[in-house]
Structures are given as structure tokens and as C-alpha cells.
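Colleague: Provided herewith is a single structure, encoded as C-alpha cells, for subsequent inquiry.
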Amino acid sequence: MAHPQLAELFREFATLLVITGADVFRIRAHERAAQTLDSAPEDIALLAKEGRLRELPGVGEGMAKKIAEWFATGRIAELEELRGSVSPAILELMNIPGLGPKKAKLLVDTLGIASIADLETACREQRVRPLKGMGAKSEGKILASIATMRESRERVPLWEARMIADRILSHLRGSGGAVESVPTGSLRRWKETVRDLDIAAVARDPAALMETVATMPGVVEVLARGETKTSVLFGRERFQIDVRAVPPGSFGAALQYFSGSKEHNIRLRERASKMGLTVNEYGVFRVNPDGTRGEKVAGETEESVYAALGLRWIPPELREDRGEIEAYGAGGTPPRLVEQGDIRGDLHCHTTWSDGTAGVEEMARAAEARGYAYLAITDHSPTAAYAGGLTPDRLRRQWDEIEAVQAKVKIRILRGSEVDILAGGELDWPDAILESLDWVVASIHQRGKDDREESTRRLVRALEHPCVNAIGHPSTRRLGQRPPLDIDWEAVFEAARAHGKALEINSAPERLDLNEVHAARAAALGIPLVIDTDAHATGMFGNIEYGVMVARRAGIRPGQVLNTAAQIPDRRGRR
DNA sequence: GCCGTTTTCGGCCCGACTGTTTTCAGTCG
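Take any residue in the first sequence, count from 1 to its spot, add 274: that is its number in our numbering.
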């Protein structure tokens, strides 16, 4: 499985190489290795043990050696040597937007700057401006960047970025400057968090569009303003927004280019280069024998760009250089990944019986309106008192209501529960009740001690219980609010596999839990998944698109998702 | 440092904007 800790070491390695002025391709190789370690569904430790590390893309002889060394000794000698040769102050200064390795090194070497606070003082005392390549404006920019860095969050959850994007796009469209404008970048690829918002626009009058962007309500600072590109900081959170204007004939190329990912685009251009073509944000062009840019062969639509490179159109959420370019080529077979239309029912939702805002009938009708064949009503168990957890008596009364509603609707309603996994891993309902339920989602809500062993044991014990069907939001994280539990994932996966239990991809936009990395690993191990919304209101069934996108980014096929089946067989065999 | 429908050596993506520059380096995406 992905190994974020190791990935981080290789990223650090790459940064240190940048500072020491190493060969750019060597730097990129380390970044590429880090990316692989961040997303590979294979168990890296196992590959290392079996000497199969070089099967990973971007891992050759050198990288394999370093990874093996880390597993054997807990360190990478070359990395530690590199660390010793670079002042930590340079690394710190590079966190400031606009300061790269060259300028950071210059500041540390010539002024003896040891920290960001130091640099702030130096700028105020005008000691930076005499330096080569610096000036009075540089000092102001550095101070502003430091302020931005302190005030803004690193990354914004996808759902929040989408809300901001909607507001900005409606402003741009309403202003008349842009004929067409589409959010691109990691937002279009459905990454769980985004760092900034990239908008590609076709403008009748680019200058007017740039003016509109720079003067939008909510803009707190204009970072850059050119003829075709404007960057601003937006809102109290100083969220960065980049808008690029291109001519209509280049819109597809711009969409493709700005949607990325960077790694996907690099692969694409390597491919173009081998075909005697070159790709930029304006289109696909032939390369003349003398190396100059020749005739334009594509660019108006994204499809045309991919077609010119001998590829089918690749869905944005797959553009991460994880093999999609090969799969979508003439000789490849694109995987049939799960789609929203495959989902036949939702197996996790709440009603007014606990902390939902709609009744059983309302929720059932809303699910039916989506074309679902079944819906599990999974209100909370007693311990979740804060969420209106049911008592045994209220649970039985809810069953009466379910029975009554069932007589009125076509959709099959399952008697479910989201049962708390208590401190020791025992469940919050007696077995007698669990046995009379159709669908049991077991979830951790009270995090307790939170340590790795305890959390893992709780999940494993829940998976061992014969009445449990699935684990809900396994990591309990909330994006930007609460970190995931520290869990021995391989142990949890092993328990799920051994007992044939499902793990949930919770589609609540603030959860997305399992995340794509763990979902990919679980699927690779043959563990069934369920994609649920955990809806607390009828409108929340629509969140399923988030969960489906997590699954697609994880490369998951419909057959690996339980609730793509026409019927969910309940434990007691009732129909 | 990786990698192979040109290749086990010689390649490795491309452009906008800024600030300090008299033609470009640095940074970013």
C-alpha cells in the first residue's frame, strides 16, 4: 500500500537536490518516486522484502536501493548526508510563496538569515534590496507572502473549493467578460483537497476579463496581472485563484493543460514529442524538421487534443499518470470503472429517528426518485446520544414505521443501524437486536485513546462480529477538521477479507472515507466496498458523486462495489 | 535517476508573469 512516510522522504530528497543545484532530471526522478510511493496500491514493505521494488513505475536501481535501505536500517544514508549539507533555514524560507531555492540560498548565504522571522526583520530594515536580483519591491512582496502564508490554510477541502468556484464562475459569466469559463486543476480531477482554483476561460475581450477578475468582490490581493493570466487571493482565507484566457480555438487545449495533473501532462508531452508533435495550452502542433513549431492540428476541444495524440478522451479524475495514458491508447483497454449510474441503493442514511432532518417515508421516496432499488435506514445506536441514538423501544417503533412505509413505496427499505463501535470494540446493540436487523454498519464515533493499537483492535473486533455488514467511515477523519485515526490498515484489511465484510467509502464531502489510497488497497485485496452517502437529509443523496469519484480515482470497478448489485441479500434471507 | 514502437545511451514538457534587468533569471503551475 501507499507509503506516505517514505514518499515524504523522497520529496525532501528532491527539494534538497534542488537547493544543491542537482541535475533537473535527477530531481524529477525523485519526485516521481515520491508520487509512486504516495499512491501505489501494492504493499511497499512486501515488495521490498521480495526484492520486487523495481516493478513500481519510476523506481529503478537507485531508488530501489534507497527504499530497501530504509526498510532495513530505518534511514537513507545519502539523504542524511544531503541534509547535513543544506542549511535548514533555506528549507524554511522556501515555504514562502515566491521564494525558490536560488533566492532562499542567496538570503541565507549572504545575510545569514536563519528563519522566516529573521527574513521579516531584514525586509523591514531594507537589507534585502541591495542583493543581486532583489529590489525594494521584492521586500514588499516577501512581507506580503509571509502574511499570506500565516493567514491561509494549506489546502481547502474539495467541497469548499467547489462552492467558491460556483460563486466565482457565476460572477465571471454574469460580467460578460468570459464567453465560457470552467474550473480546471485538481478541482476538476476531484482531488479531495485543492490548493488553488484554476479557471480556463474563453474571452471575447481578454483585457476586460482580466479586469473583472482583479476587481471581483472578495479579492483581497492581486498577485499577478498579465494580458492572459491573472492571479488573485480571494476571501478571508486568501484562497488563490488563477484565471487564464485563451482564444476559442484553444479552449480544449487550455482545459486539458490546466486540468493536469502535472505528471499526466508531462507524460502526454513525451508521447507527443515521439510523434513529432508538441503540446501547449494553445493546441497540438507539428514540429518542423528545423525544430520550429509548425501547423496546429488540434485544440478546440479536449477530445481533439487527445485524439491528435492517438488517445481516447481520458476522464479528468483519472489523469494522475497511473497508467491511464497507456490504457486509453489505441492498443489499450480502458477499465470500466464504477459510475454513478451503477449505484442501485444507499446503505447508510439517517432519519428524524436520530439526527436526520427527514422522515423514513421522505428519505425512501427521495431514494426511489433517484432510481434506487433499496435503501438501508441506519439511524444511530443508544450510545450516540448526542445524535439522538435510538433505544431498543424506539428502534422497534421505527421498524413499525418502516413496515408501514414499505407498504406504500416500491423501493425496498432495509431495517438497518449505524451501530457504535464502543471502546473495547464491542457493539452498541445486544446481539438479539443486531440479529433482527437487515443491514448493520459499524462505526467509530467516540475516539477514546486514539492510539494505533486500540483503534485497530476496535475495528478488527467489529469486523469479527457475525452481524456486522460493513464498517462506516473507517478512519473517522473530517477534512480540514479532524485527522484520521492512526490505524494498522493492513490488519484491518486482513480482518475484512477474512470475514468477508465490506468497507465503506463514505461520500459525505467532509469525510471521503475510505480515501482513494485505502480504497484502492482494499479493492486490490478483494475486499467488497460500499459507496454510501450517510445522508442526513434528502438532498444529501446527491453526494454519492463524491464517493463514486473517490472510487474511480482508486480504479474501482462496479463488481467491487456491493451496492451496484440489483439486490442486496440481507443476512436473514428476507426478500 | 529512469527508461526504451528511435534508444542499454541519450534523451527527458512548456509557457506566463515579475522584477530587475538592457536580454534574463527565478518562480510557478
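Ideal Cβ placement from N, Cα and C applies to all residues, glycine included.
Span of the alpha helix (DSSP H) holding Pro-666?
Modeller: 666-680
Colleague: Are three or more beta carbon pairs between the segment 543-554 and the segment 480-490 nearer than 8 Å?
Modeller: no
Colleague: Quick one: what's got a C-beta closer than 8 Å to Arg-610's C-beta in the same chain, skipping five residues either side?
Modeller: Excluding sequence neighbours, Arg-610 sits near Arg-831 and Pro-832.
Colleague: Would you call Arg-499 buried or exposed, if buried means 16 or more other Cβ atoms sit within 10 Å of its Cβ?
Modeller: exposed
Colleague: Kindly list the residues whose CB is nearer than 6 Å to the CB of Ala-658, restricted to its own chain and excluding five residues on each side of it in sequence; keep chain order.
Modeller: Within the same chain, Ala-658 has close Cβ partners Asp-694 and His-719.
Colleague: Between the alpha carbons of Val-378 and Ile-416, how many angstroms are there, rounded?
Modeller: It is worth fixing the name first, because residue 378 is Ala in this sequence and not Val. Those two C-alpha atoms are separated by around 11 Å.
Colleague: Is DSSP giving Val-804 helix, strand or coil here?
Modeller: strand
Colleague: Quick one: grab the DSSP three-state call for Lys-570.
Modeller: DSSP, read as helix, strand or coil, puts Lys-570 in strand.
Colleague: Roughly how many angstroms separate the alpha carbons of Leu-365 and Glu-399, rounded to a whole number?
Modeller: 23 Å
Colleague: Return helix, strand or coil for Cys-741, following the three-state DSSP convention.
Modeller: Residue state for Cys-741 is assigned as coil, using DSSP reduced to three classes.
Colleague: Would Ala-794 and Ala-828 qualify as a contact pair, given that the criterion is a beta-carbon distance under 8 Å?
Modeller: Taking 8 Å as the cut-off, the Cβ atoms of Ala-794 and Ala-828 count as close.
Colleague: Residues in the same chain with beta-carbon distance under 7 Å from Val-714, minus the five sequence neighbours each way, listed in chain order, please.
Modeller: Gly-690, Ser-691, Val-693, Leu-708, Cys-741, Val-742 and Asn-743
Colleague: Taking the Cβ atom as the reference point for each residue, do His-747 and Arg-785 lie within a distance shorter than 8 Å?
Modeller: It is a contact, given that the beta carbons lie within the stated cut-off.
Colleague: Work out the CA separation of Gly-633 and Val-679 for me, nearest whole Å.
Modeller: 10 Å
Colleague: Rounded to the nearest angstrom, what separates Arg-545 and Asp-724 at their Cα positions?
Modeller: 47 Å
Colleague: Helix or strand or just coil, what does DSSP make of Arg-618?
Modeller: coil
Colleague: For Pro-608, which residues of its own chain have a beta-carbon under 7 Å away from its beta-carbon, when the five flanking residues on both sides are left out?
Modeller: Arg-586, Ala-601 and Tyr-602
Colleague: Beta strand (DSSP E) containing Arg-686: first to last residue?
Modeller: 686-694
Colleague: Just list the residues that DSSP pairs Cys-623 with in beta bridges.
Modeller: Ala-809
Colleague: Considering Lys-548, what are the terminal residues of the alpha helix (DSSP H) in which it resides?
Modeller: Start and end: 536-548.
Colleague: Between the segment 751-760 and the segment 426-434, can you find at least three pairs of beta-carbon atoms closer than 8 Å?
Modeller: yes
Colleague: Counting along the chain, where does the alpha helix (DSSP H) carrying Ala-528 start and finish?
Modeller: Run containing Ala-528: 525-533, per the alpha helix (DSSP H) assignment.
Colleague: Contact between the segment 485-494 and the segment 457-468: three or more CB pairs below 8 Å?
Modeller: no
Colleague: Are the CB atoms of Thr-812 and Ala-581 within a distance shorter than 8 Å?
Modeller: no
Colleague: How about Val-822 and Val-493: do their beta carbons lie closer than 8 Å?
Modeller: Not a contact, by the Cβ cut-off of 8 Å.
Colleague: Three or more C-beta pairs closer than 8 Å, one from the segment 798-814 and one from the segment 570-579: is that the case here?
Modeller: no
Colleague: Rounded to whole angstroms, what is the Cα-Cα separation between Ser-412 and Arg-403?
Modeller: 7 Å
Colleague: Would you kindly work out how many angstroms separate the C-alpha atoms of Glu-501 and Val-456, rounded to a whole number?
Modeller: Using only the alpha carbons, I get a separation of about 19 Å.
Colleague: Rounded to whole angstroms, what is the Cα-Cα separation between Ile-387 and Leu-381?
Modeller: 6 Å
Colleague: For Gln-514, which beta-bridge partners are listed by DSSP?
Modeller: Asp-470 and Leu-507
Colleague: When the Cα atoms are used, what is the spatial distance from Thr-504 to Leu-529?
Modeller: Roughly 16 Å separates the two Cα atoms.
Colleague: Can you give me the start and stop residues for the alpha helix (DSSP H) that Thr-422 sits inside?
Modeller: Thr-422 -> alpha helix (DSSP H) spans 410-425.
Colleague: Could you pull the DSSP bridge partners for Phe-559 from this structure?
Modeller: DSSP output for Phe-559 lists Thr-552 and Lys-570 as bridge partner(s).
Colleague: Go to Ile-301, then tell me how far its beta strand (DSSP E) extends in each direction, as first and last residue.
Modeller: Premise fails: Ile-301 lies in the alpha helix (DSSP H), 298-313, not in any beta strand (DSSP E).
Colleague: Ignore the nearest five residues each way along the sequence and tell me which others in Arg-300's own chain have a CB closer than 8 Å to its CB.
Modeller: Leu-291
Colleague: Please report how far the alpha carbon of Pro-656 lies from the alpha carbon of Leu-696, in whole angstroms.
Modeller: Between Pro-656 and Leu-696, the alpha-carbon positions lie close to 11 Å from each other.
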